[in-house]
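Peer 1: Take a look at the following structure, please.
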Amino acid sequence: MAREIPYIAAINEAIHLEMARDDTVLYFGQNLATTENDEFVKAFGHDRVRVTPISETAEIGMAIGAALAGYRPVVELYMAEFMLVAMNQVVNEGPRFRYMSGGRVKVPIVLKAGYGFTAGWAGQHTGSIYNMFTGIPGLKVALPARPADAKGLMATAIRDDNPVCFFHHYLLTLEPGDVPEGEYLVPFGQADIRRSGGDVTVVATGWMVGKALAAAETLASEGIEAEVIDPRTLNPLDLATILTSVEKTGRAVLVDQATRRASASQMIAAEIADLGFRWLKAPIKQVTGLEATVPYSEPMEAYVLPDEEKIAGTVRQVLGEAPVAA
Amino acid sequence: MRTLDPQTAADLLRTTWRIRCFEERVAALKRTLQVHGLIHLSVGGEGVAAAVCAQLRDEDVVYSGHRAHGHAIAKGAPTERVMAELMGRVDGLCRGLGGSMHLVDRDRGFFGATGVVGGNLPLALGNALAARVRAGDEVTVVFFGDGAVQAGHFHESVNLAALWRLPVIFVCENNGVAEFTSRSEHTTVELVSDVVAPYGLQRETVAGSDVPAIFEAFGAFLERARAGNGPFLLECLTHRRRGHYEGDPERYRDPVAEEEWRRRDPVARLQAHAIENGWLDPGSAGAIEREAQAEIERAVRFARESPYPEPGAAEPFVYALAVGCPEKGPHTGPYLGHPSATGARPHGGAGPPESEVTFVRAINDALARAMRADERVIVIGEDVAEGGPYMATAGLADEFGRDRVLNTPISEGAVCGVAIGAAQAGLRPVVEIMFIDFITLALDQLVNQAAKAHFMSGGQLSVPMVLRTTCGAGSRSGAQHSQSLEAWVAHVPGLKVVMPSSAADATGLLASAIADPNPVVFVENRALYFRREQLPEAPERLQLGRAHTLRFGADITIVATSRLVGDALEAADRLAAGGVQAEVIDPRTLLPLDLETIAGSVRRTGRAVVAHEAVTLGGFGAELAAQIQDAAFDRLEAPIQRVGAPFTPVPVSPPLEDAYRPGAGEIYAAARSAIEWDWPEGKEPPLTTAGGRDFRS
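Sequences listed follow chains A and B, in order. Per my numbering, the first sequence starts with residue 1, numbered consecutively. Per my numbering, the second sequence starts with residue 1, numbered consecutively.
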């Protein structure tokens, strides 16, 4: 049975259910469980639910150690950009153990971090830096765009035997949606076709999925049918679904909140350009954040971010119905 | 020792009231959404800001954390411009680009706040280092809270400041709560002065509500720091009267303690103290408060009347423009050839005098030349004074002294932060991080501080630094000493990324990188280090953002970076033997990227291979391929082939690593597939109407 709950509640529900199901699941991080009233503390106690100091390096390192010792820690890291403080643990330690030990050990950790809080949070709290984790062999990256996926991907992340970066979008926090009750898993590497259409393939992640769907509605009123695909996980990436769609449509528009250079969006573009080359009727175009740190002032912030109009405009462009920019 | 006199007491009272009124007004404006974003207020901490900053000169630089409004105002930032910044207006201190967490007022020596707890502690060290290099008597102050003490960069910074005896005063506002977590939940050590004790800092702990005590304690430290001593820690026990941010539900509050703290309000205490001593009568104290309120109302009006910036005004602030080092046009100087280039050397015969050097020696020479030419250039890193493991910095300490060639502890984060701070203070540091794998330890500094400072300050600060590092597999060093992570830094607006493939390029590009007003990541592949090539004795500077075509050919374009450039030329030779003429292009800099040259070539050849040593999935080749397909789609006759490493960590076993590392064989095979690629039988090339293009004409 599904019922409507917010995105954040769906994430918490998944963690709660997994902790109830498996005693080895731990949950810790900054500002977590600071009162005895905390629902996780009440249910699982302070041994499994811990608050930590502002020590990202030690938090993640400790999680890796606990994972090597047989536990499944979920680390709450608040802002994706704060993971930069601890990148050595995220990149050089966590995802390396399995490989460097010849498969003898595993590191089942979940690094949970919010991103993209573009609501005047300015230059250091708004970054969409998931691409930095996508190109790391050994790491997996999940980017839920709606409450049900948030729940299902979190549960899968906790059960995965590899380190997983789980990036939830801050502007979706209170977004309601239908979420199945009880055990619910969304497999990694399985894209979600959110809308079917035969004219153009639009691939979007996170907060951008909603914007792409809204743009698709506008386009539909003009007679353009866009297929909107949410990959849900960037690594593993479900290229098959994307390519199948591109075979049908011959055109692709990629939407990514991050700045474009060396982004996850460019990665997907390169794959389509390579494997889908024979079907392409137009260049793959992208709608991404502009090449700038996110500014504080509202009009400038809106200017650097992708929105529905930019998406619709780009779709019209690849369909040859708008001038192609140089 | 300087004690509080009546005039100073009145001045401090005025500052504390100005901050108090400002903060309370901002809280009200935030409730009605007239200021937006994330706002952290300093109500309860006004006394520290006032007593510290009142004693500083404009040239003394202050860094602060996310709770910075009071520090900025106390340091002299005009309240109306702070308010305008919080409202995101064009007259804001940072033109609306920074906001509450990133205030900067360069002229008043307020070098900025950070949203990463403790993230700019090492920047203060860099500023102090710059003062020492200039032989000035400026003192640097950095404000932080007790929450920052549990972060590694705090310890790295305190250790380094103590080691180098820098004239820095660390001012800790210990309010007993880190964001939403009380002290008992985040540390076993109550006083920060106890934490720093082993490092040997001069330290003192005072009540944050006792403004005269803060004034005296700080004054004593300042006098000694002014004489070149340091570092010092002044710990003020304060209370954060409001939440971590505006809107914080504050579930962690203890109502009893709150009442007690209200009685110890620093502004009220200072006012009472001044009246008791007969320095002020109650009437003039009241006037001070009213004047402050009136000023803040004026500030609000000023901010409201200031327009929002033009949305497009943001982009020009991503990079600082070169001042005093004019950008050259297309490179026209004597061609500095790639050692294995054969096809494109535009000049021959008698050139300038040349000598044969290794790549790493060329780096060494370029550093020495830059240091000779510009005394602002300093070199910082682990073991650099001894030359480093590859002797890239050999001899520099002998020639330029250890004030300009600084060995550091194994503290990559702090070392990078020191370079950023020194760069913001006008030096041109070249920091060395031995392996790019270790930039993981400095990535917050590089991404959140270096790359963003110019932008977030609305162009007030620039960070002319170079981070030299090495990459590449092949030395059996395993998965943590062999990576190629350049795609990360190429993703970050505000950074520039250089990857030279030859000694000549390295020389010319390093000179430009050092002269550039922006942070430049300079990535050297260790496999190139001991290759020898002829180099002119006075090499030319090479402009960043200009690709280099090493070989011309009409059939296929090979774009290769760093070590793979040599392999691309080798593959091109093999292709030529089979009748295929390959054009080989080395972008030389990934950011900025010379797409014009690359796409122009592909538009002529119709086929492309991109090659690098990094993993293919998530590597920079995807960026190249995506841009090429966009710019040359109508001319592409085959899919763009990407050559890179498989998606695994770098293995250490010799046969595995050799198989892992891409090279000439892979490039050759990729080029052959592109050449041989054809439309599947019976399938016509799809026609398109996009942009009215004439497909595959």
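Just so it is clear, CB atoms sit at the ideal spot from N, CA and C, and this is done for glycine as well.
CB B:A27 to CB B:C53, shorter than 7 angstroms?
Peer 2: Here residue 27 of chain B refers to the residue found at position 27 when the second sequence is read from its first residue. Here residue 53 of chain B refers to the residue found at position 53 when the second sequence is read from its first residue. The answer is no: Cβ separation not under 7 angstroms.
Peer 1: For the region 302 to 316 of chain B, which residues have a beta carbon sitting closer than 9 angstroms to at least one beta carbon of chain A?
Peer 2: Y308, P309, E310, P311, G312, A313, A314 and E315
Peer 1: Verify whether the separation of the beta carbon atoms of B:V35 and B:G109 is less than 7 angstroms.
Peer 2: On the second sequence, residue 35 of chain B is found 35 positions in, with the first residue counted as 1. On the second sequence, residue 109 of chain B is found 109 positions in, with the first residue counted as 1. Between B:V35 and B:G109, the CB-CB gap reaches or exceeds 7 angstroms.
Peer 1: With respect to the alpha helix (DSSP H) encompassing A:N162, which residues constitute its N-terminal and C-terminal limits?
Peer 2: Position 162 of the first sequence holds residue 162 of chain A. Where A:N162 is concerned, there is no enclosing alpha helix (DSSP H), given that its DSSP letter is neither H nor E.
Peer 1: Apart from the five residues on each side of it in sequence, which residues of its chain come closer than 8 angstroms, Cβ to Cβ, to B:G333?
Peer 2: To locate residue 333 of chain B, count along the second sequence from 1; it is residue 333. In this prediction, B:G333 scores a pLDDT of 32, lower than 50, which makes its location untrustworthy; the coordinate-derived value is nonetheless stated afterwards. Answer for B:G333: E540, listed in chain order.
Peer 1: State yes or no: is the beta carbon of A:G313 nearer than 7 angstroms to at least one beta carbon in chain B?
Peer 2: One-based indexing of the first sequence puts residue 313 of chain A at position 313. No, because no Cβ of chain B sits closer than 7 angstroms to the Cβ of A:G313.
Peer 1: For B:S512, count neighbouring Cβ atoms within 10 angstroms of its own Cβ and tell me buried if that reaches 16, exposed if not.
Peer 2: One-based indexing of the second sequence puts residue 512 of chain B at position 512. B:S512 comes out buried.
Peer 1: Name, please, each residue of chain A whose Cβ falls closer than 8 angstroms to the Cβ of B:D91.
Peer 2: Counting from one through the second sequence, the residue named residue 91 of chain B turns up at place 91. Result: empty, since nearest Cβ-Cβ is about 11 angstroms, beyond 8 angstroms.
Peer 1: So, under 8 angstroms CB-CB, B:R607 and B:I556 are touching, yes? Tell me the CB distance rounded to an integer number of Å.
Peer 2: For the purposes of this step, residue 607 of chain B is taken as the residue at position 607 of the second sequence. For the purposes of this step, residue 556 of chain B is taken as the residue at position 556 of the second sequence. Right, the Cβ-Cβ distance comes to about 4 angstroms (below 8 angstroms), so this counts as a contact.
Peer 1: With the cut-off set at 7 angstroms, would you say B:L443 and A:L84 are in Cβ contact?
Peer 2: As a position in the second sequence, residue 443 of chain B is number 443, starting the count at 1. As a position in the first sequence, residue 84 of chain A is number 84, starting the count at 1. Contact: yes.
Peer 1: Let me see if you follow: with CB-CB separation under 7 angstroms, is A:T233 close to chain B or not?
Peer 2: Walking along the first sequence from the start, residue 233 of chain A turns up at place 233. For A:T233, the answer is no, since every Cβ of chain B falls outside 7 angstroms of its Cβ.
Peer 1: Quick one: what does DSSP say B:C94 is sitting in, helix, strand or coil?
Peer 2: Position 94 of the second sequence, counting from 1, holds the residue named residue 94 of chain B. Looking at B:C94 - three-state DSSP - the assignment turns out to be coil, as it is neither helix nor strand.
Peer 1: Tell me B:T8's beta-bridge partners as DSSP assigns them.
Peer 2: Locating residue 8 of chain B in the second sequence gives position 8, counting from the first residue. Looking at the DSSP assignment, B:T8 forms no beta bridge with any residue, so it has no partner.
Peer 1: Tell me the DSSP secondary structure of A:H169 in three-state form.
Peer 2: Here residue 169 of chain A refers to the residue found at position 169 when the first sequence is read from its first residue. A:H169 falls in the strand class under three-state DSSP.
Peer 1: Nearest-angstrom Cα distance between B:L166 and B:A451?
Peer 2: Within the second sequence, numbered from 1, the residue matching residue 166 of chain B stands at position 166. Within the second sequence, numbered from 1, the residue matching residue 451 of chain B stands at position 451. Roughly 25 angstroms between the two C-alpha positions.
Peer 1: For A:R96, collect the residues of the same chain with a Cβ closer than 7 angstroms to its Cβ; drop the 5 residues on either side in sequence, then sort them by chain order.
Peer 2: As a first step, residue 96 of chain A must be located in the first sequence, where it is residue number 96. These residues qualify, in order along the chain: G138.
Peer 1: Verify the CB distance criterion: does A:F40 have a CB-CB separation below 7 angstroms to chain B?
Peer 2: Stepping through the first sequence from its first residue, residue 40 of chain A is reached at position 40. Output row for A:F40: interface = no.
Peer 1: Using the beta-carbon count (16 or more within 10 Å), is A:K151 buried or exposed?
Peer 2: Here residue 151 of chain A corresponds to residue number 151 of the first sequence, with the count starting at 1. By the neighbour-count rule (16 or more Cβ atoms within 10 Å), A:K151 is buried.
Peer 1: One question on the structure: do A:G210 and B:G37 come within less than 7 angstroms of each other, judged by their Cβ atoms?
Peer 2: The sequence position of residue 210 of chain A within the first sequence is 210, counting from 1. The sequence position of residue 37 of chain B within the second sequence is 37, counting from 1. Remark: C-beta atoms of A:G210 and B:G37 do not approach each other more closely than 7 angstroms.
Peer 1: Relative to the C-alpha of A:R195, which candidate in A:I224, A:Y184 and A:V74 has its C-alpha closest?
Peer 2: Residue mapping note: residue 195 of chain A aligns to position 195 of the first sequence, counting from 1. Per the Cα distances, A:I224.
Peer 1: With a 10 Å radius around its C-beta and 16 neighbouring C-beta atoms as the bar for buried, classify A:E298 as buried or exposed.
Peer 2: Position 298 of the first sequence, counted from the first residue, corresponds to residue 298 of chain A. Buried is the call here.
Peer 1: With 7 angstroms as the C-beta to C-beta threshold (strictly closer), list the residues of the region 52 to 83 of chain A near chain B in chain order.
Peer 2: P53, I54, S55, T57, E81 and F82
Peer 1: Do A:E4 and A:P176 count as a contact pair if the criterion is CB distance below 7 angstroms?
Peer 2: Locating residue 176 of chain A in the first sequence gives position 176, where the first residue counts as 1. Locating residue 4 of chain A in the first sequence gives position 4, where the first residue counts as 1. Yes; because the gap between Cβ atoms is below 7 angstroms, this pair is in contact.
Peer 1: At what residues does the beta strand (DSSP E) containing A:G29 begin and finish?
Peer 2: Along the first sequence, read from residue 1 onward, the residue named residue 29 of chain A stands at position 29. Its beta strand (DSSP E) spans residues V25 to Q30.
Peer 1: For the pair the region 565 to 577 of chain B and the region 623 to 632 of chain B, tell me if three or more CB-CB distances fall below 8 angstroms.
Peer 2: no
Peer 1: Using 7 angstroms as the limit for Cβ to Cβ distance, is B:F22 near chain A?
Peer 2: Here residue 22 of chain B is taken as the residue at index 22 of the second sequence, counted from 1. So no, B:F22 is outside the interface.
Peer 1: Would you please verify whether the beta carbon of B:L116 is less than 7 angstroms from any beta carbon of chain A?
Peer 2: The sequence position of residue 116 of chain B within the second sequence is 116, counting from 1. In the sequence on display, residue 116 of chain B carries Val and not Leu. It does; some Cβ of chain A falls within 7 angstroms.
Peer 1: Does the structure place the region 547 to 563 of chain B close enough to the region 444 to 464 of chain B that three or more beta carbon pairs sit under 8 angstroms?
Peer 2: no
Peer 1: When DSSP builds the beta bridges, which residues end up paired with A:V200?
Peer 2: Here the question's residue 200 of chain A lines up with position 200 in the first sequence. Beta-bridge partners assigned by DSSP to A:V200: A:A226.
Peer 1: Which residues in the same chain have their Cβ closer than 7 angstroms to the Cβ of B:T689, if we skip the five residues on either side of it in sequence?
Peer 2: Start at 1 with the first residue of the second sequence, and residue 689 of chain B comes out as number 689. Residue confidence for B:T689 is low, a pLDDT of 39 falling below 50, so the modelled location carries little weight; the figure read from the coordinates is stated next. For B:T689, where only same-chain residues beyond five positions count, there are no Cβ hits under 7 angstroms.
Peer 1: Looking only at its chain, what residues have a beta carbon closer than 7 angstroms to the beta carbon of B:A135, apart from the 5 residues adjacent to it on each side?
Peer 2: The residue you call residue 135 of chain B lines up with position 135 of the second sequence. For B:A135, where only same-chain residues beyond five positions count, there are no Cβ hits under 7 angstroms.
Peer 1: Taking C-alpha atoms, which residue in B:Q55, B:V141, B:P662 and B:P639 lies nearest to A:A270?
Peer 2: Residue mapping note: residue 270 of chain A aligns to position 270 of the first sequence, counting from 1. It is B:P639 whose Cα lies nearest to the Cα of A:A270.
Peer 1: Could you name the residues of chain B that A:G116 contacts, counting a contact when the two beta carbons are closer than 9 angstroms?
Peer 2: Translated into the one-based positions of the first sequence, residue 116 of chain A becomes position 116. Ordered by position in chain B, no residue passes the 9 angstroms Cβ test against A:G116, which lies about 14 angstroms from the chain.
Peer 1: Any C-beta of chain B sitting closer than 7 angstroms to the C-beta of A:Y296?
Peer 2: Counted from its first residue, the first sequence places residue 296 of chain A at position 296. Closer than 7 angstroms to the CB of A:Y296 there is at least one CB belonging to chain B.
Peer 1: Rounded to the nearest angstrom, how far is the Cβ of B:A303 from that of B:M101, given a contact under 8 angstroms?
Peer 2: Reading the second sequence from its first residue, position 303 is the one you call residue 303 of chain B. Reading the second sequence from its first residue, position 101 is the one you call residue 101 of chain B. In fact, because the Cβ distance is near 17 angstroms, the residues do not count as touching under 8 angstroms.
Peer 1: Quick one: what's got a C-beta closer than 7 angstroms to A:A372's C-beta in the same chain, skipping five residues either side?
Peer 2: Any question about residue 372 of chain A goes unanswered here, given that chain A covers just 1 to 326.
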